[in-house]
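Going left to right, the sequence shown walks through residues 1 to 377 as full-length UniProt numbering numbers them. Using N, Cα and C, we set each Cβ at its ideal position, and we do this for glycine too. Keep in mind that this is a model prediction, so the values were computed, not measured. This report concerns only the one structure given below.
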Amino acid sequence: MDQQKKNILVDVFYLHVAQTGIKTYMELVCGEIENYSGKDFRFVVVPHKNRVLNSSFFKGKTSKWRNWLFQLLYFGHKLLWMPICSVWHKADLVFSPDILSPVWAKGIKVSVIHDAFFWETPAHYHPLWRKIYLSVLGISIRKKARILTVSNHSKSRIKHFLGENCPPIDVVHSGVAFGEYKPDNKLPAPIERPYFLHVGVMEKRKNLVALVKAFGIFLEAAKKDFCLVLVGQRGPRETLDDYDAIVAAIHRHDLHDAVFLPGYVDKQTLNRYYQNAFAYVFPSLNEGFGLPVLEAFSYHLPVIVSDQDALKEIGGDAVYVCEDNSKEGIAKALTVMALDEGLRKRLITAGGSRLKAFSRKKFFISLLDYFKKTLDG
Numbered sequence: 001m002d003q004q005k006k007n008i009l010v011d012v013f014y015l016h017v018a019q020t021g022i023k024t025y026m027e028l029v030c031g032e033i034e035n036y037s038g039k040d041f042r043f044v045v046v047p048h049k050n051r052v053l054n055s056s057f058f059k060g061k062t063s064k065w066r067n068w069l070f071q072l073l074y075f076g077h078k079l080l081w082m083p084i085c086s087v088w089h090k091a092d093l094v095f096s097p098d099i100l101s102p103v104w105a106k107g108i109k110v111s112v113i114h115d116a117f118f119w120e121t122p123a124h125y126h127p128l129w130r131k132i133y134l135s136v137l138g139i140s141i142r143k144k145a146r147i148l149t150v151s152n153h154s155k156s157r158i159k160h161f162l163g164e165n166c167p168p169i170d171v172v173h174s175g176v177a178f179g180e181y182k183p184d185n186k187l188p189a190p191i192e193r194p195y196f197l198h199v200g201v202m203e204k205r206k207n208l209v210a211l212v213k214a215f216g217i218f219l220e221a222a223k224k225d226f227c228l229v230l231v232g233q234r235g236p237r238e239t240l241d242d243y244d245a246i247v248a249a250i251h252r253h254d255l256h257d258a259v260f261l262p263g264y265v266d267k268q269t270l271n272r273y274y275q276n277a278f279a280y281v282f283p284s285l286n287e288g289f290g291l292p293v294l295e296a297f298s299y300h301l302p303v304i305v306s307d308q309d310a311l312k313e314i315g316g317d318a319v320y321v322c323e324d325n326s327k328e329g330i331a332k333a334l335t336v337m338a339l340d341e342g343l344r345k346r347l348i349t350a351g352g353s354r355l356k357a358f359s360r361k362k363f364f365i366s367l368l369d370y371f372k373k374t375l376d377g
């Protein structure tokens with residue numbers, strides 16, 4: 001029976017450094033593979049997921065020499081080791097959830113390109129490594145690598161930048177690996193006052209400086225005793241990091257007693273912040289998918305998002321969209337959310353319904369269907 005199964009080789013080497021959406025995506029794929037008992041595929045994960053996750057050598061804010069070492073090992077893994085593994089394991093398909101497929105491999109190659117950030121914000125990446133990434137990606141595409149992405153917005157942007165050389169792109173929406181919050185398991189509130197919540201790495205594209213300024217406008221206009229909580233660590237690279245600008249905005253607008261930066265927190269503490277939040281606000285200027293929207297839905301929170309296509313695609317009618325992404329537009333959304341209880345209740349109900357469309361089971365079934373379609377030609 002095993003001889004009839006198609007061999008799927010899954011590359012998770014990037015978990016050594018992944019912090020945000022790609023990390024969540026790869027862990028979700030690995031979790032579903034571990035539970036897979038079907039007869040169509042045999043999955044081989046390289047390297048072993050637990051070994052990569054338990055390694056901290058390349059994680060967090062590391063020295064420059066470690067960053068360079070990772071890049072060298074990463075490209076060696078892609079260009080040498082993965083082709084060898086594809087032959088050794090007789091791969092029918094090589095699945096790379098981290099943008100790059102190997103230039104050569106046995107079987108069909110599939111790259112998951114989550115967003116178009118490499119093209120849209122070149123200043124956020126080291127020019128040498130960006131050039132190498134895009135060169136290897138271009139060679140892979142010319143050698144018939146397939147492209148999978150996580151939203152129709154990302155598909156549109158990737159097609160725009162690849163132009164006439166773009167191969168067909170398929171969309172499989174990511175799923176969620178977290179369970180739905182149960183009110184009877186509520187933990188004590190970390191802050192006594194009602195608060196708006198944002199969770200994520202403090203990168204410039206997250207638009208958090210504008211959020212801090214908007215919150216100051218909101219406090220003056222609404223005369224409400226609210227707080228703003230920004231959970232998350234600094235950006236992984238200096239070109240991406242916005243932490244210092246966020247702190248400067250807090251000081252400039254005298255918001256020391258109203259805006260809190262708890263940094264990276266453990267899972268139980270994060271649950272406390274989610275469970276007791278008044279609403280979730282996601283003002284990002286650029287997202288490929290927007291997983292925090294779904295996580296907020298799982299905690300029964302009303303959600304405010306920026307006027308950004310991926311967030312509107314994922315949130316549907318279950319999110320309140322800012323009129324624009326300026327501090328004034330965000331401030332108006334905060335005010336509406338604070339004053340309109342009926343809106344909050346409607347969004348919470350709609351969010352629970354919307355979440356069902358992104359279950360981990362639906363995601364993995366869709367991914368398996370994509371594998372079957374791709375292998376069948």
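| query | result |
| --- | --- |
| Nearest to I158 by alpha carbon, out of K106, A116 and Y25? | A116 |
| In the DSSP assignment, find the unbroken alpha helix (DSSP H) run with C30 in it and report its ends. | G21 to E34 |
| Quick one: is V87 buried, meaning 16 or more other Cβ sit within 10 Å of its Cβ, or exposed? | exposed |
| Once the 5 residues before and after G216 are set aside, which same chain residues still bring their CB inside 6 Å of it? | H253 and L255 |
| Please report the distance separating the alpha-carbon of residue 381 from that of S111. | An answer regarding residue 381 cannot be provided, because it is not within the stretch 1 to 377 covered by the chain. |
| Examine the Cβ distances between the region 217-225 and the region 244-251 and report whether three or more of them are shorter than 8 Å. | no |
| Any idea what DSSP makes of P262, helix, strand or coil? | strand |
| Taking Y370 as the reference, which of L343, P188, M337 and L93 has the closest Cα? | L93 |
| Mind checking whether H114 and G288 have CB atoms under 9 Å apart? | yes |
| Could you tell me the boundaries of the beta strand (DSSP E) in which V336 lies? | Segment K327 to L339 is the alpha helix (DSSP H) holding V336; no beta strand (DSSP E) there. |
| Using the rule of at least 16 other Cβ atoms within 10 Å of the residue's Cβ for burial, across every protein chain shown, is F282 buried or exposed? | buried |
| Using only alpha-carbon positions, find the residue among K49, V12, P97 and K59 that is nearest to L367. | P97 |
| Does the distance from the CB of L187 to the CB of Q308 come in under 9 Å? | no |
| On the CB-based measure, 16 or more other CB atoms within 10 Å of its CB, does F161 come out buried or exposed? | exposed |
| Is Y74 helix, strand or coil when you go by DSSP? | helix |
| Going by other Cβ atoms of all chains shown within 10 Å of its Cβ, with 16 needed for buried, is N207 buried or exposed? | buried |
| Which residues in the same chain as G235 place their Cβ atom closer than 8 Å to its Cβ, once the five residues preceding and following it in sequence are excluded? | V201, M202, E203, K204, D241, D242 and Y243 |
| Using the Cα positions of V209 and E328, report the straight-line distance between them to the nearest angstrom. | 12 Å |
| Any idea if T349 is buried or exposed, counting beta-carbon neighbours within 10 angstroms, 16 or more meaning buried? | exposed |
| Contact between the region 171-188 and the region 139-153 is defined here as three or more beta-carbon pairs at a separation below 8 Å; is this criterion met? | yes |
| Look up K6 in the DSSP assignment and give the residues it is bridged to. | F41 |
| Between I330 and C322, which are expected to be in contact by the criterion C-beta below 8 Å, what is the C-beta distance as a whole number of angstroms? | 5 Å |
| R142 by DSSP, collapsed to three states: which one? | helix |
| Please name the residue in L100, K372, K267 and F297 whose C-alpha comes closest to that of Y280. | F297 |
| Using 10 angstroms around the beta-carbon of P292, count the other beta-carbons present and answer buried if the total reaches 16, otherwise exposed. | buried |
| What does the alpha-carbon distance come out to for the pair C227 and H198? | 11 Å |
| Please classify T349: does DSSP put it in a helix, a strand, or coil? | helix |
| Let me check understanding here. Comparing Cα to Cα, which of W65, Y25 and P302 lies closest to F358? | Y25 |
| State buried or exposed for M1, treating a residue as buried only when at least 16 other CB atoms are found within 10 Å of its CB. | Only weak support is given to the placement of M1: the predicted model assigns it a pLDDT of 40, under 50, and the value that follows is read from those uncertain coordinates. With fewer than 16 Cβ atoms within 10 Å of its Cβ, M1 is classed as exposed. |
| With DSSP collapsed to three states, give me the class of R114. | Contrary to the premise, residue 114 reads as His rather than Arg in this sequence. If DSSP states are grouped into helix, strand and coil, H114 belongs with coil. |
| Which runs of the beta strand (DSSP E) spanning at least 3 residues fall entirely within the region 121-173, listed in chain order? | 146-149 and 169-171 |
| Can you look up S86 in the DSSP assignment and give me helix, strand or coil? | helix |
| Is DSSP giving D11 helix, strand or coil here? | strand |
| Indicate whether residue 381 and F363 have their beta-carbon atoms separated by less than 9 Å. | The structure shown does not extend to residue 381, since the chain spans only 1 to 377, so no value can be given for it. |
| Three or more C-beta pairs closer than 8 Å, one from the region 29-41 and one from the region 65-79: is that the case here? | no |
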